[in-house]
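Contents: one structure, followed by commentary.
In structure tokens:
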């Protein structure tokens with residue numbers, strides 16, 4: 015079974031791995047071409063890209079997928095009961111999906 019092709023839209027990457035195509039600066043033209051040439055669904059990952067494609071009117075349907083993750087490390091966002099806050103809190107979350 016052949017791997018599905020991947021298209022990567024990035025502002026910082028200059029190259030991508032095997033079976034992937036780096037989208038140029040004109041994301042709108044690239045996605046319009048994909049929609050014309052590719053049969054079936056085109057999955058979009060990432061809120062920034064999805065937001066941009068929504069503004070351009072290129073999203074036909076939304077499907078939300080929830081992936082469970084394991085919380086590996088976190089710091090408290092509020093002081094423990096009976097303790098005073100030091101004034102600044104920072105949360106760190108690591109997940110696997």
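In my numbering, the protein residues as written are 15 to 111.
Even glycine gets a Cβ: it sits at the ideal position worked out from N, Cα and C.
- Minimum Cα-Cα distance from residue 33 among the listed residues 18, 39 and 26 corresponds to 18.
- Taking all protein chains in view, the Cβ of residue 59 is surrounded by fewer than 16 other Cβ atoms within 10 Å, so the residue is classified as exposed.
- Between residue 52 and residue 72, the C-beta gap is not smaller than 8 Å, which leaves the two residues out of contact.
- In this structure, the straight-line span from the alpha carbon of residue 69 to that of residue 40 is close to 14 Å.
- The C-alpha of residue 48 is placed about 10 Å away from the C-alpha of residue 21.
- Between the alpha carbons of residue 82 and residue 61 lies a gap of roughly 18 Å.
- Assignment of residue 72 by DSSP, reduced to helix, strand and coil, places it in the coil class.
- Contact between residue 24 and residue 36 holds: CB atoms are separated by about 7 Å, below the 8 Å threshold.
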